[in-house]
Every structure is written in C-alpha cells, then in structure tokens.
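Colleague: Residue numbers (this note's numbering): 137 to 863. Just so it is clear, CB atoms sit at the ideal spot from N, CA and C, and this is done for glycine as well. No experiment lies behind these values; they were computed from the predicted model shown.
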Ligand code: ADP
Ligand code: MG
C-alpha cells in the first residue's frame, strides 16, 4: 500500500493510477485541515501563500472558484507503455516488478532512493526520488508497481524522477487508464498545483454548491440523456473515470453557460415585446399585392419568406424585433421597402436609418423613384441639410405629413418627434452600436423594429449577439447574378492588372480602386488614396475619367462624386473604404484593393460586394503591401476561396474567434469559460429553445425553482442585457 503525501495523493487521484482502497483515502485527507467555503486560498494545498496571486490570475479568488476552473482538455494516456514505446522527455506509465532497490546519501547530504522495475514485456525503468528517504520503506522486492512520469535516459536504462506510483496488491486487477485533466495555467503554476488544489476543494466543497438547474430543465436539456447534477458534474469534470464521463460533465456546464445567457436574452426579448404595445399594421391581401407589384423583379424565395415573417410580425400589437440577415447583394432592401410601404398603407410613419449619408441618399433616391406616382411623402434627414430645411422638415414629421423619413444618425436626435411612428428600419446594423438602437426605441412609443445586417455572422453568433431578435435569413441571391472572380495579385503583376482594368473600362464597365487610407504614410508603407489617384491618372490609367472619393470630403462633394460615378460619367473611382457600405452601381464590375492585408475579412467581402450587383461578371484583385504575397495572408486566401459570405464568416470565426468577429468589434458577446460558439452550436440551439420556453412561462424567473438561475442571469449578464432592473 502506498501511503504518500497529500499533494502527491491528490495528483494520483486525478491521474491514471489511483486505485487505493477507500479507507486509506479517508485517513490521508483527515490529516489536512478541512476546507470551507470561506477558506482563504493560501491554506489550500497546491496554492499556499506563494501562489495566491497566480491563482488570482486564473480567475480563482475564492475556494469555490477552483471548482469552476475547468480543464481545457484531458490527456488520455494509454494504460501502460512497453519499454520500446517509451519516448524520452514524454510522460508515460509502465507496470513492472520491483527487482532492486538502493538508497544513497551524497557528500552534501542529499539522499536518493532508487527502485528498479522490471517492466512487463521486458526492459527496466529505474524510479528515483531525491530527499525522500521514506520512499525506501514503501517498496520491497517482488511488488508490482505502476509508475507514471517523464521518461529520461541515464545512458544505461530509462529513469523516471519522482514518478507517481501505485502499488498493486497481489491479484489486484490492473486499473484502467483515466483521463488526466489539463488545466489552463499561468506562469509559475503547474498542472499538479491546480490538480491538488482542485482535488482538495472538490472533496470538501462540492456538496455546498447549489444546483441551478431544476430537474425539469435537466431532463429536457438533452434529448438523449438527462444532464448530470451539479455535484456529479463537478466530480466528473475534474476527476473523470472515462473520457465519456468527462464529456458528459462538460456538456452540462456548456449547456448551463449558454442557457443562462440565452435566458437573459429571452428575458430582454420578452420585455421588449410586452412593455408597450406597437400599432397593429395589417397587410391585407390587397395591400400586400399592391406593394409586391412595385418591385420590378421577381422576389427570391428567401425574400418572400422574410416578407411573410415581417407581415406576420407587424400584424401583431407586440412590437416586431426582427433581424434580416443576408449577404451583400442578397436584396435586403426589398424587405425594408415592403415593411415601410406596409406601414404607410396603414397611415403609420416609417423611418429608415443608414450609417452614412451616402447610403441614406441612395436609399432615398431609390425609394422616391419606386414611389413615383404614389401619394407617399418621403423625405431625407441628414446632417448636411440647412437649418431652415431641417426645421421645416421636423415640423412636417411631427404633424405627420411626412410618411417616410430616410436619414442617418441625425434621426436619433431628440428633436425628431413623429406623429405616429409605426416602423423603424436600421440598415447595415453592424455599423451602429447596439446602444443606439436602444435609444431610438426607448425614447419613443414603441414602433415595430426591423434591422438589416450584411455582416454574415454565423447563426450561432447571431443567436448570441442578437438573441433578443427574431431572425430571417436571405441565403439565396437574386437570379441572374454573374460571378465574381477574386484574384490575389503580386506587385510584379500589377501592371498587367491595370491593363485589364483599362480594357474593362473601355468595354463600357466601371472600376473601383480602394485603398484603406486617405494619405500616404511612408513609415507604415501605406499608399493613400490621394497618391494612388495621382499615380493612376498620370500612369497606368491615364486618359480615363477618374475621380477621387474619401471620407474627409464634405457631404455634398461626396454625393457629387458618387452621382457622377452612378451616372456612368466617372469611369474609375479611387476611394477609401467609404464605398464599403451599401453603394450599388451595377455597371461597376472591376475592383482593385490595395493594402488589402490591412483590412478585415468582412470589410473585404463587403467591398467585393460592390461589384457583384449586375449581370456582368465581376473581377476583384487584392494586393497586399509591397513585398507581401497575398497568398501568405490567411485572410486573403480565404477571401479568394469563397464568395459565400456565410462560409467566410464561419472561416473567420475559426481563425480569429468570435470576440473579434469580422473586423467589427462585436459588443455583446458574453465572456464564455467553457462553451465555444462554433463547436457547441447544437447545444446553443437547444439552450436557446429551452430558455425561450421557460421565459414564456415565467418571464421574470420568479418561480422558486428558477431562483438560482435568476441570480446567475443577473450576476453574469445583468449589465450586458440591461436587466439590472428585473428585481
Ligand atoms: P443588400 O442586401 O446588399 O442591401 P440590395 O437590397 O441593395 O442588397 O440589393 C442588391 C441589388 O439587387 C439591387 O440592385 C436590387 O435592386 C437587386 N435585387 C434585389 N432583389 C432582387 C431580385 N429578387 N431580383 C433581381 N434583383 C434584385
Ligand atoms: Mg443594403
């Protein structure tokens, strides 16, 4: 029987060789002082005064936090290795018989104990301990021993220094290997420190952790098997007997983490829907048909479905909260137009907010064209209109003689008072902060609310960021769209590319040249739009009608430049990324992107979206900064590999993680400790469904069995989802 120190023991309990009779565990543990919920970290084995700070860094502040310091993964070592399988420097387990022992004391007083094992199947491993003379007493010749440690070579044989050992009783069957948890670490902390701290706390505190998930939820959370209870889960995640057991425990915690967040979102959604009523806007079959007739083309199946969703939503007196998610060019505007005309048909006002003035003007122009000959009064409210125009416009909005207002953030101003605002549409939502959308709705009586987003975020992310919205997805693109070819260009090929651009332009198409900055910065080796413009005009694109557009120009100048391009007068538009959002010129089919390695994948995809809008094939060539081959840049390679924004988004997510998704710093993603929005998509969907069901029955989580859940929702996500006031 091995009686080893508690620290060693707790490691063994986690490791593959802990098969000590139950009685011996008890006695060993009783020798340590019992750990309580309030025990300071320094008294916990494996931490001690010297590592308290380091554990803080891992997020461990109280003893119970250790229970929720989940392993990152498990090391599943094969039960036992034969001598020929040992690899120097790697951890291994061998089983063998003690055939020799030695004990020495060096001149400096350092003692060593050596135990030579004849390994099953042949060969020898020497176990050695320094300054642990008591080891000598633990072993005797003929014992069968399992030793786990890092295999080293003495030149003559293999050696393990300070291995973990288990002595097998005669006739005792061989224990099976157990998965060994691998914890997140920080410098100065080793696996064994965490393992022993966790083991100690696990022993004493597991039963003081309250179960947040009532039986009913644990039963319905997973279709195949109820979720493990909290105590069992904690034990199994830290000290699993099998990897299946570990996974079952992980599943519970992943579910719980996602579930608590989805509860918060469901509560918020419920509140948005039930706080105040919205006007019922009923699209009668006649109205419906009349609006659809205004579209010059046949709608795609996804567009029709989204319209149906919107139509149903608006017919209710609970406010619509819907996100239309669709790749660039998928035709989201159609849905917005439908909703707005529907509102107007019911004598309600509608507002459309766009992130830039250019885009607002484009929407305005389009709508006005589409509504030509109708009674609908449509106006534009942007920063650049004169004070007089503005005052007059505000008045007309307030008395309700304006039906549709298209604008920028200027719409958010306190002074904009509607007579009866029935619908708010926000285009390119990802360009706005989440807060702004809240402002608009909270400062008014509640209108229906429609959000368009061209960031093709993966579904699971959408469910997380926009978990309080209903989602319609436009996946198919309008028919007749020609393909876009994406090339990765090298500096050497640049002249050839410009020749191609000239050829395209001379055949009647138009071209964009995009570069991220207005001015050059020799130090950072970036070429600014101004310099590019001059160089192209004097060099490779000489003779073409070429113009410059960037964000520092004033609104009217920008508009004039864009108008000239839209009208086809300008052949080549050199621009900064101001053209990223929404600009729609179907005849523009060629795009050159310079310094593309400085841009995010989403941005590049958005830019590319500018040239896939008509029936001519599009050509985009991306150049990285001089000296960098674009194919060396993972993002650019991905861009070239697919034209499907959703697939791109998934790839980007894999590459960069959700926190930095698609170049837009996505606010509103909760910090996740164990769940992974990509890997655990299925669990998320399950959690979301159940959260919505629970909140429907118990909107404020006031039922006794939801009390702990409610506390967790408030503690973890109260601020994020502004539920601080749910009581
Ligand atoms: P986005 O989703 O990027 O906002 P838009 O709504 O601007 O896309 O639509 C892109 C282009 O496709 C526009 O020129 C629009 O008129 C056109 N379009 C939209 N729906 C259809 C359709 N069903 N059939 C043909 N063209 C369409
Ligand atoms: Mg759009």
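Using 7 Å as the cut-off, classify the Cβ of residue 588 as near or not near the heavy atoms of the ligand MG, replying yes or no.
Modeller: Checking the Cβ of residue 588 against the ligand MG gives yes.
Colleague: Taking Cβ positions, are residue 661 and residue 684 nearer each other than 8 Å?
Modeller: no
Colleague: Please report the straight-line C-alpha distance between residue 477 and residue 389, rounded to a whole angstrom.
Modeller: 47 Å
Colleague: Skipping 5 residues on each side, what residues in its chain have a beta carbon closer than 6 Å to that of residue 228?
Modeller: 217, 222 and 287
Colleague: Just to check my reading of the structure: residue 811 and residue 394 have Cβ atoms closer than 8 Å, yes? What is that Cβ distance to the nearest angstrom?
Modeller: 5 Å
Colleague: Can you find the residues in the same chain that come closer than 8 Å, C-beta to C-beta, to residue 852, ignoring five residues on each side of it along the sequence?
Modeller: 396, 397, 400 and 806
Colleague: Hey, would you say the C-beta of residue 465 is under 7 Å away from at least one heavy atom of the ligand ADP?
Modeller: yes
Colleague: For residue 231 and residue 299, I'd like the C-alpha separation in whole angstroms.
Modeller: 12 Å
Colleague: Measure the alpha-carbon distance for residue 282 versus residue 363 and round it to whole angstroms.
Modeller: 35 Å
Colleague: Would you tell me roughly how many angstroms separate the C-alpha atoms of residue 556 and residue 536, rounded to the nearest one?
Modeller: 7 Å
Colleague: To the nearest angstrom, report how far apart residue 333 and residue 206 are at their CA atoms.
Modeller: 13 Å
Colleague: Of all the options 349, 176, 789 and 325, which has the alpha carbon lying nearest to the alpha carbon of residue 337?
Modeller: 176
Colleague: Which runs of the alpha helix (DSSP H) at least 4 residues long sit entirely within the stretch 194-225? Give them in chain order.
Modeller: none
Colleague: Taking residue 375 as the reference, which of 171, 197, 215 and 314 has the closest Cα?
Modeller: 314
Colleague: List, from N- to C-terminal side, the beta strand (DSSP E) runs of 3 residues or more that fit wholly inside the stretch 437-482.
Modeller: 457-462
Colleague: Under the rule that 16 or more other beta-carbon atoms within 10 Å means buried, what is residue 848, buried or exposed?
Modeller: buried
Colleague: Using only alpha-carbon positions, find the residue among 719, 843, 818 and 771 that is nearest to residue 737.
Modeller: Looking at the Cα atoms, 771 is the closest of the given residues.
Colleague: Give the DSSP-derived three-state secondary structure of residue 637 in the structure shown.
Modeller: helix
Colleague: Going by CA-CA distance only, name the one from 631, 689, 688 and 696 that's closest to residue 672.
Modeller: 631
Colleague: Rounded to whole angstroms, what is the Cα-Cα separation between residue 596 and residue 824?
Modeller: Taken atom to atom, the span from the alpha-carbon of residue 596 to that of residue 824 is near 10 Å.
Colleague: Using CA atoms only, rank isn't needed, just tell me which of 841, 380, 694 and 743 is closest to residue 652.
Modeller: 743
Colleague: Within the chosen definition, does the stretch 637-648 reach the stretch 708-721 through at least 3 CB pairs nearer than 8 Å?
Modeller: Contact between the stretch 637-648 and the stretch 708-721 is present: 3 or more CB-CB pairs across the two stretches fall below 8 Å.
Colleague: Which residues in the same chain as residue 280 place their Cβ atom closer than 6 Å to its Cβ, once the five residues preceding and following it in sequence are excluded?
Modeller: Within the same chain, residue 280 has close Cβ partners 233 and 304.
Colleague: So, residue 293 versus residue 262, is the Cβ gap smaller than 8 Å?
Modeller: Yes, Cβ-Cβ distance for residue 293 and residue 262 is below 8 Å.
Colleague: Quick check on the burial criterion: 16 or more other C-beta atoms within 10 angstroms. Buried or exposed for residue 308?
Modeller: exposed
Colleague: What do you get for residue 448, buried or exposed, if any count of 16 or more other CB atoms within 10 angstroms of its CB means buried?
Modeller: exposed
Colleague: Indicate the three-state DSSP secondary structure (helix, strand or coil) for residue 487 in the structure shown.
Modeller: Strand, per DSSP.
Colleague: Near residue 291, what residues of its chain come up, given a Cβ to Cβ distance below 7 Å and the 5 sequence neighbours on each side ignored?
Modeller: If we look at residue 291 and ignore the five residues flanking it on each side, it has no Cβ neighbours.
Colleague: Can you tell me whether residue 646 is helix, strand or coil according to DSSP?
Modeller: strand
Colleague: Going by the CB atoms, is the gap between residue 541 and residue 503 shorter than 8 Å?
Modeller: Not a contact, by the Cβ cut-off of 8 Å.
Colleague: If I measure Cβ to Cβ from residue 487 and keep anything under 6 Å in the same chain, skipping five residues before and after, which residues do I get?
Modeller: Non-local beta-carbon contacts of residue 487 in its own chain, meaning distances under 6 Å to residues more than five positions away in sequence, involve 541, 547 and 560 in chain order.
Colleague: Could you give the residue range of the beta strand (DSSP E) that holds residue 927?
Modeller: Limits of the chain in this structure are 137 at one end and 863 at the other, which puts residue 927 out of reach.
Colleague: Using CA coordinates, which residue listed in 258, 764 and 593 is at the minimum distance from residue 788?
Modeller: The shortest C-alpha separation from residue 788 is found at 593.
Colleague: Taking 8 Å as the threshold, find out whether the stretch 510-521 comes into contact with the stretch 463-471 through three or more Cβ pairs.
Modeller: No, the stretch 510-521 is not in contact with the stretch 463-471.
Colleague: Tell me whether residue 739 counts as near the ligand ADP, meaning its Cβ is closer than 7 Å to at least one heavy atom of that ligand.
Modeller: no
Colleague: In three-state terms, what does DSSP make of residue 572?
Modeller: In this prediction, residue 572 has a pLDDT of 46, which is less than 50 and means its spatial position is unreliable; nothing more can be read from the coordinates.
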